[in-house]
Amino acid sequence: MEEQYFSCWPAKSADIDWVQKNYAEHGQSFLIPWPQIPHASSSSSSTVQVQRFPSLSIPLQETAEDTTPSVSNSHSLAEKRRRDRINTQLGILRKLIPKSDKMDKAALLASVVDCVKDLKHKAMEVSRSSTVPTEIDEVTVDCVTCQESSASYVNKDKNSGLIRASVCCDDRPELFSEIIRTLKSLGLAVVRADIASVGGRVKSILLLCTNNGSKEDVSLVTVKQSLKVVLARIASSSMPLSNRVRSKRQRFFFPS
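Residue numbers (the UniProt record's numbering): 1 to 256.
Listed below in structure tokens is the structure:
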């Protein structure tokens, strides 16, 4: 390593002695910063010159500034597309809800929720009153005047309500006689009956009330279980003993 000396440095200073001693002992060279010569013109650049290496200037700040706008633009475009999709869906909802032109987003969504609940309630009412038989064997029993309070019993002394029983199954000759016999044993009488039969399937919607002579309350669960037992008994008795295989329709009425 060549010894460098400038007039601004003290001759044979302690630092120079240490460098020479270390080089003599270990044979290692060092990179010593090359200070600017006093008479050299000052430059605005903050570049540090190193002996035996050219000065390097890496524009890191400029590179970061170039990538930042592109990332920001990407996020802005994604956010704009998201807002456009939301506004498009809100526009569709405004067409479905009457008088919603001046509603804000929160009021519009609340109106949509109320509308969906109302449609669901109407669909349930239509399905209950429909007499068209389906391919599924089912028995449903509810209280006509106490649906909202979910009453389990009908008080016959106070005449508080009627029972609606819906039965859907395969058509059998002895079906209705067995159903009527079971209902009478429970102290119930048929007030109205809506019956439809299509393709060997039958659906009956029976409106029931209590007999005047009955002194006990009738459980809706008891009525439902009794009707299931009747249908299971009729289905099993109508099949030959050698062919008593549970079908998809009859499986519903067999105890598990």
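The beta carbon of each residue, even a glycine, is placed where N, CA and C say it ideally should be. Small disclaimer: the values here were computed from a predicted structure and weren't measured.
Helix, strand or coil for D101 per DSSP? Position 101 of the sequence shown holds residue 101. If DSSP states are grouped into helix, strand and coil, D101 belongs with coil.
Alpha helix (DSSP H) segment containing E174, residue limits: Translated into positions along the sequence shown, residue 174 becomes position 174. Neither: E174 is in no alpha helix (DSSP H) and is coded neither H nor E.
Reduced DSSP category for S204 - H, G, I as helix; E, B as strand; rest coil: Taking the sequence shown and counting its residues from 1, one reaches residue 204 at position 204. Looking at S204 - three-state DSSP - the assignment turns out to be strand.
DSSP state of T140 mapped onto helix, strand, coil: Position 140 of the sequence shown, counted from the first residue, corresponds to residue 140. T140 sits in a strand when the DSSP states are folded into three classes.
Which one or two residues does DSSP pair with C115 in a beta bridge? Within the sequence shown, the letter at position 115 stands for residue 115. Looking at the DSSP assignment, C115 forms no beta bridge with any residue, so it has no partner.
Roughly how many whole angstroms lie between the Cα atoms of V230 and S127? Mapped onto the sequence shown, residue 230 falls at position 230. Mapped onto the sequence shown, residue 127 falls at position 127. The alpha-carbon atoms of V230 and S127 are separated by roughly 23 Å.
DSSP-derived helix/strand/coil call for D84: For the purposes of this step, residue 84 is taken as residue 84 along the sequence shown, with counting starting at 1. DSSP, reduced to helix, strand and coil, places D84 within a helical segment of the structure shown.
V167 burial status per 10 Å Cβ neighbour count (16 or more: buried): One-based indexing of the sequence shown puts residue 167 at position 167. By the beta-carbon neighbour count (other beta carbons within 10 angstroms, threshold 16), V167 is buried.
Other residues of its chain near D101: CB distance less than 7 Å, five sequence neighbours each side excluded: Translated into positions along the sequence shown, residue 101 becomes position 101. For D101, where only same-chain residues beyond five positions count, the Cβ hits under 7 Å are R94.
Taking just the CA atoms, how far does K122 sit from A232? As a position in the sequence shown, residue 232 is number 232, starting the count at 1. As a position in the sequence shown, residue 122 is number 122, starting the count at 1. The straight-line gap from Cα to Cα measures roughly 32 Å.
Could you tell me if T47 is buried or exposed, where buried requires 16 or more neighbouring beta carbons within 10 angstroms of its beta carbon? Locating residue 47 in the sequence shown gives position 47, where the first residue counts as 1. Annotation note: pLDDT 48 at T47 (below 50); position unreliable, no value reported.
Would the stretch 190-199 and the stretch 100-116 be scored as touching if the rule is three or more Cβ pairs under 8 Å? The answer is no - the stretch 100-116 does not touch the stretch 190-199, with fewer than three Cβ pairs under 8 Å.
By DSSP, does T182 sit in helix, in strand, or in coil? One-based indexing of the sequence shown puts residue 182 at position 182. Residue state, collapsed to three classes: helix.
Residue burial classification, I86 (beta-carbon count within 10 angstroms, cutoff 16): For the purposes of this step, residue 86 is identified with residue 86 of the sequence shown, where counting begins at 1. By the neighbour-count rule (16 or more Cβ atoms within 10 Å), I86 is not buried but exposed.
Span separating the alpha-carbon of T222 from that of D170: If you number the sequence shown from 1, residue 222 lands on position 222. If you number the sequence shown from 1, residue 170 lands on position 170. Distance between the alpha carbons of T222 and D170 is about 22 Å.
Straight-line Cα distance separating L90 from S236: For the purposes of this step, residue 236 is identified with residue 236 of the sequence shown, where counting begins at 1. For the purposes of this step, residue 90 is identified with residue 90 of the sequence shown, where counting begins at 1. Just so you know, the alpha carbons of S236 and L90 end up roughly 55 Å apart.
Starting from L188, follow the beta strand (DSSP E) in both directions and report where the run begins and ends. As a position in the sequence shown, residue 188 is number 188, starting the count at 1. Residues 188-198.
Measure the C-alpha to C-alpha separation of L207 and I97 and round it to an integer number of angstroms. Reading the sequence shown from its first residue, position 207 is the one you call residue 207. Reading the sequence shown from its first residue, position 97 is the one you call residue 97. Computed Cα separation, rounded: 37 Å.
When you compare each of V202, I234, A189, S204 to V218 by their alpha carbons, which one comes out closest? Along the sequence shown, read from residue 1 onward, the residue named residue 218 stands at position 218. Comparing Cα-Cα distances from V218 to each of V202, I234, A189, S204, the minimum goes to A189.
Which residues in the same chain have their Cβ closer than 7 Å to the Cβ of S44, if we skip the five residues on either side of it in sequence? Here residue 44 refers to the residue found at position 44 of the sequence shown. The predicted model places S44 with a pLDDT of 45, which falls under 50 and marks its position as unreliable, so this point remains unresolved.
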